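Participant:
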Amino acid sequence: MKKLKVFFSVIVVLLIICFAVLMYFFRTTKNIDVSWNEEDYNSCITKSGVTIENMDSLNLIELINGDFTSTGSNNINNSFTNEEISAMLSKTNNTIGPIEDIKVKFLGNNEAEASFKFKENVYRYFESNESLNAKINSYGNLKNIVIGTPVYIKVKLDSAKDKQISGNIQNVYLGNIQMPEDIVKESETVLVDMLNTIISNYNGFNIEEMNFESDKLNFKGQLPEVVKGK
154 MKKLKVFFSV IVVLLIICFA VLMYFFRTTK NIDVSWNEED YNSCITKSGV TIENMDSLNL
214 IELINGDFTS TGSNNINNSF TNEEISAMLS KTNNTIGPIE DIKVKFLGNN EAEASFKFKE
274 NVYRYFESNE SLNAKINSYG NLKNIVIGTP VYIKVKLDSA KDKQISGNIQ NVYLGNIQMP
334 EDIVKESETV LVDMLNTIIS NYNGFNIEEM NFESDKLNFK GQLPEVVKGK
């Protein structure tokens, strides 16, 4: 009996260790060595020439839904660093947006990588996208697993002109799990559609030239003078 108790105790300890390792495996992903501060955000705003009002209401879901206004137009020919873009995306999404802890790194050759975590209110976007929601539901409990789990994505920009962007996703990782090709392709369609929807909602926005070099995004074109969340 004593040996049996010891055996079960060992099994319980092993299960706890396995669970801890599994959680660590899910809760970590490819590391992107980018950190930002308030100065990076302010620098991004200065370079863009855009005045932002009601910043928290300019998160991704509101931009996709067109719940903002943009007026005026400024000619811009500037470069934005990893830190500046990461700061802008984080500041507008960390509070009430669908994602948080956003890091973006430009790799050159028009490639970039990013990491972030989904928040619970991303369900609003999943449920509004019938195709994506059906695909996610086909993987059982995946939708619940992704909340709080870091996501890594690597992309390549193919072209950017006027109000149209095209590109492809090369890799997607949920934690340290590489996603299958059908999820990657579905994510690619959603991402490109999402970006072009946001761009089309912006008055005063136009791309003349845009590309990724090592550690920077180069942009030439027009950006609005004022962007205001609702």
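Note that my numbering numbers the sequence shown so that position 227 is 380, with each residue one more than the last. Backbone N, C-alpha and C fix where the C-beta goes; we use that ideal spot for every residue, glycine too. This structure is a prediction, so every number in the text was calculated from the model and none was measured.
(1) In this structure, does DSSP put Lys-308 in helix, strand or coil?
(2) Kindly indicate which residue of Asn-356, Ile-300, Phe-269 has the alpha-carbon position closest to the one of Ser-239.
(3) Could you compute how far the alpha carbon of Gln-375 sits from the alpha carbon of Tyr-326?
(4) Are Asp-128 and Glu-236 touching if we call contact CB-CB under 7 Å?
(5) Once DSSP output is grouped into helix, strand and coil, what is the label at Val-343?
(6) Return yes when the Cβ of Ile-322 is within less than 7 Å of the Cβ of Val-343, no when it is not.
(7) Work out the CA separation of Lys-373 and Asn-274 for me, nearest whole Å.
(8) Nearest CA to the CA of Asn-371: which residue from Ser-188, Gly-328, Trp-189, Ile-229?
(9) Determine, using beta carbons only, whether Cys-209 and Ile-255 come nearer to each other than 7 Å.
(10) Between Pro-389 and Ile-214, is the Cβ-Cβ spacing less than 7 Å?
(11) According to DSSP, what are the bridge partners of Gly-261?
(12) Assuming contact is defined by CB atoms lying nearer than 7 Å, are Glu-366 and Gly-202 in contact in what I supplied?
(13) Measuring only the C-alpha atoms, how far is Asn-227 from Glu-266?
(14) Ser-239 lies in the alpha helix (DSSP H); which residues open and close that run?
(15) Quick check on DSSP: helix, strand or coil for Ser-201?
(16) Could you check which residue in Ser-312, Ile-336, Glu-264 has the C-alpha nearest to that of Met-363?
(17) Checking 7 Å against the spacing of the C-beta atoms, do Gly-357 and Asn-207 come in under that value?
(18) So what's Lys-338 in DSSP terms, helix, strand or just coil?
(19) What do you get for Lys-314, buried or exposed, if any count of 16 or more other CB atoms within 10 angstroms of its CB means buried?
(20) Along the alpha helix (DSSP H) that carries Glu-215, what are the first and last residues, could you check?
Facilitator: Answer, in terms of the structure:
(1) Before going further, note that residue 308 is Val rather than Lys in the sequence given. Strand, per DSSP.
(2) Phe-269
(3) Going from the Cα of Gln-375 to the Cα of Tyr-326 covers about 34 Å.
(4) The displayed coordinates of the chain run from 154 to 383. Any statement about residue 128 would go beyond what the structure contains.
(5) helix
(6) no
(7) 34 Å
(8) Ile-229
(9) Going by the sequence as given, residue 209 is Asp instead of Cys. The Cβ-Cβ distance between Asp-209 and Ile-255 does not fall below 7 Å.
(10) Since the first and last residues shown for the chain are 154 and 383, residue 389 lies out of range.
(11) According to DSSP, Gly-261 bridges with Glu-264.
(12) no
(13) 28 Å
(14) 235-246
(15) helix
(16) Ranked by Cα distance from Met-363, the first of Ser-312, Ile-336, Glu-264 is Ser-312.
(17) no
(18) helix
(19) With fewer than 16 other Cβ atoms inside 10 Å of its own Cβ, Lys-314 counts as exposed.
(20) 213-218
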